[in-house]
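J.:
Residue numbers (the working numbering): 676 to 942.
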């Protein structure tokens with residue numbers, strides 16, 4: 676165990692910023708909650724299955740902005756970091772309790788990783804570094820730790836809204852993919868990093884684009900990971916686009932794939 680100090684800037688009840696220095700303890704053995712673990716971590720509760728194509732690690736901003744999407748049961752292998760959890764807590768106690776309930780619910784395939792107490796994944800905040808950049812760096816460090824801890828047996832996909840983070844981190848580790856999420860009125864784009872496109876040409880994310888305001892379904896270009904995950908993502912992004920009511924009436928979206936075509940059924 677390593678003892679260090681952590682500096683926090685908290686707001687008082689009167690709105691004043693108070694600087695607080697707390698003792699911070701780092702441990703080498705922090706549970707990873709994965710069935711692929713080779714280090715015999717003490718798992719108390721849910722564990723992630725080992726038969727998935729990847730584990731997904733959303734950064735703090737994605738958890739704060741897209742919590743309602745991450746609550747879908749179709750999404751498997753989600754690792755919520757302590758950093759993202761604390762960012763959500765600052766948004767409001769109600770959102771924090773929703774995430775806690777999500778992690779405890781056995782019907783949802785997600786776990787919580789205490790990355791800020793793990794000796795090799797903890798990242799102290801650098802001088803002059805913004806809080807958002809520091810949180811993104813913490814989540815990426817946790818993703819790299821997961822990949823190394825599981826001996827490269829599971830790819831890790833980090834999802835972020837920070838385009839600079841994609842450019843900075845996407846080519847650093849061959850087993851950790853950094854994907855950006857961009858939500859626009861029209862079209863909506865979930866865009867992979869250039870490194871992911873070059874190394875896994877068929878494992879890309881998707882583009883959703885309304886055909887026109889008069890149509891009742893949306894075209895979806897998809898290079899899939901798994902069909903269930905993309906059905907969930909399409910559904911969630913259409914909800915963000917306010918196109919969900921149109922697609923519910925048709926119950927399907929047209930699927931464009933480089934090797935096959937078909938439809939995604941939302942029933």
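Yeah, the Cβ is synthetic: ideal placement off N, Cα and C, and Gly gets one too.
#1: CA-CA distance, residue 799 and residue 848?
#2: Taking all protein chains shown into account, do 16 or more other C-beta atoms lie within 10 angstroms of the C-beta of residue 776, making it buried, or fewer, making it exposed?
#3: Report yes if the CB atom of residue 721 is closer than 8 Å to the CB atom of residue 707, and no otherwise.
#4: I believe residue 704 touches residue 716 by the beta-carbon criterion, under 8 Å. Please report the beta-carbon distance rounded to the nearest angstrom.
#5: Where does residue 824 sit, in a helix, a strand or coil, going by DSSP?
#6: Using 8 Å as the Cβ pair cut-off and three pairs as the minimum, do the region 725-738 and the region 807-826 touch?
#7: Let's test the definition: count the other Cβ atoms within 10 Å of the Cβ of residue 643 and tell me whether it reaches 16, buried, or not, exposed.
#8: For residue 691, count the other beta carbons within 10 Å of its own beta carbon; 16 or more makes it buried, fewer makes it exposed. Which is it?
#9: Would you identify the three-state DSSP class for residue 728, choosing helix, strand or coil?
#10: For residue 688, which residues of its own chain have a beta-carbon under 7 Å away from its beta-carbon, when the five flanking residues on both sides are left out?
#11: Can you tell me whether residue 826 is buried or exposed, with buried defined as 16 or more other CB within 10 angstroms of its CB?
#12: Should residue 855 be labelled buried (16 or more other beta-carbon atoms within 10 Å of its own) or exposed?
#13: Whole angstroms are fine: how far does the CA of residue 792 sit from the CA of residue 783?
#14: Helix or strand or just coil, what does DSSP make of residue 681?
#15: Determine, using beta carbons only, whether residue 754 and residue 788 come nearer to each other than 8 Å.
#16: Whose CA, out of 824, 840 and 839, lies closest to the CA of residue 850?
#17: Can you give the beta carbon distance from residue 790 to residue 811, rounded, assuming they're within the 8 Å contact cut?
#18: With residue 742 as the anchor, note down where its alpha helix (DSSP H) starts and where it stops.
#19: Does the distance from the CB of residue 737 to the CB of residue 836 come in under 8 Å?
#20: Looking at the unbroken beta strand (DSSP E) that takes in residue 700, where does it start and where does it end?
#21: I need the straight-line Cα distance from residue 852 to residue 679, nearest angstrom please.
#22: For residue 742 and residue 761, I'd like the C-alpha separation in whole angstroms.
#23: Since residue 793 sits in a beta bridge, which residues does DSSP pair it with?
#24: Secondary structure at residue 829, three-state DSSP: helix, strand or coil?
T.: The answer reads as follows:
#1: 21 Å
#2: The residue in question, residue 776, is exposed, as its Cβ has fewer than 16 Cβ neighbours within 10 Å.
#3: no
#4: That belief holds up - the Cβ atoms of residue 704 and residue 716 are roughly 7 Å apart, short of 8 Å.
#5: helix
#6: Of all C-beta pairs linking the region 725-738 to the region 807-826, three or more are shorter than 8 Å, placing the two stretches in contact.
#7: Lying before the first or after the last residue shown, residue 643 is absent from the chain, which here runs from 676 to 942.
#8: exposed
#9: Residue 728: coil per DSSP, three-state reduction.
#10: Within the same chain, residue 688 has no close Cβ partners at all.
#11: exposed
#12: buried
#13: 24 Å
#14: strand
#15: yes
#16: 824
#17: Not really, about 12 Å apart at Cβ, beyond 8 Å.
#18: Note, residue 742: alpha helix (DSSP H), 742-745.
#19: yes
#20: For residue 700, the enclosing beta strand (DSSP E) covers residues 692-701.
#21: 31 Å
#22: Going from the Cα of residue 742 to the Cα of residue 761 covers about 13 Å.
#23: Beta-bridge pairing links residue 793 to 702.
#24: Of the three classes helix, strand and coil, the one that applies to residue 829 here is coil, per DSSP.
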